[in-house]
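Per numbering that gives the first Met the number 0, residue 0 is the first one in the sequence shown, and the count goes up by one each step. We put the CB at the ideal spot given by N, CA and C, even for glycine.
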Amino acid sequence: MTLPEVIGSLFIKVIKTLLVIVLLGSIAYGSYFLLFGIETKGTVVRIEHHSSISSRRSSTHIWISYSTQAGKSYETSIDSSFNLESYSIGETVSVLYLREEPSEAEIKSIMGLYGFFIHLSLVLILSYFSYKWSNRKKQNT
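Right, here's the structure in full:
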């Protein structure tokens, strides 16, 4: 193997490793809330849409108001950029908050907890098949 091939191969292995770490981290994050989170009811109090023309990215933050078992009230922002569900102001939602850090909360839903993982997995799968299809097409010509 030539030096550029070795460097390219090493680069691909590093990228794959980082993607696996990110995927496992996103699964662990959602699972942590499911395993250790305390469920309560919350209310959607504000919805903010942000967009950036320079990065062509948009995000949505949902502000949730909820109370802990101890009776303390919190209002927190949840990034719902990867959540396909739509919410409206005044809507009641199931919230999971952490006992040791009650201001940390997530909406209890599959997309709310695992949306990033699902989106990234789909992108990786589609990219893989696109790459394979592209290589097959090149070999046939």
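If we ignore side chains and look at the alpha-carbon of each, how far apart do residue i and residue j end up?
i: Y86; j: T59; result: 11 Å
i: G36; j: T1; result: 52 Å
i: F10; j: L17; result: 11 Å
i: F197; j: R135; result: Past the boundaries of the shown model lies residue 197; the chain is included only from 0 to 140, so the question cannot be answered.
i: S51; j: S66; result: 33 Å
i: V19; j: A69; result: 38 Å
i: G111; j: S79; result: 7 Å
i: L121; j: Y113; result: 12 Å
i: S76; j: L123; result: 28 Å
Would the beta-carbon of residue i fall within 9 Å of that of residue j?
i: I61; j: I106; result: yes
i: L22; j: L119; result: yes
i: V93; j: G29; result: In the sequence as presented, Val is not what sits at residue 93; that position holds Ser. Against a cut-off of 9 Å, the Cβ pair of G29 and S93 comes out as no contact.
i: S25; j: F116; result: yes
i: I63; j: E74; result: yes
i: K131; j: P101; result: no
i: R45; j: I88; result: yes
Please go through the same chain and pick out, in chain order, the residues whose beta-carbon is closer than 7 Å to the beta-carbon of residue i, but skip the five residues on each side of it.
i: E103; result: Y96 and L97
Cβ of residue i less than 9 Å from any chain D Cβ?
i: S76; result: Checking the listed chains, one finds no chain D in this structure; it contains a single protein chain.
Using a Cβ-Cβ cut-off of 6 Å (strictly less than) and excluding sequence neighbours within five positions of residue i, which residues of its own chain qualify?
i: E90; result: V43
Return helix, strand or coil for residue i, following the three-state DSSP convention.
i: R135; result: helix
i: K71; result: coil
i: E4; result: helix
i: I88; result: coil
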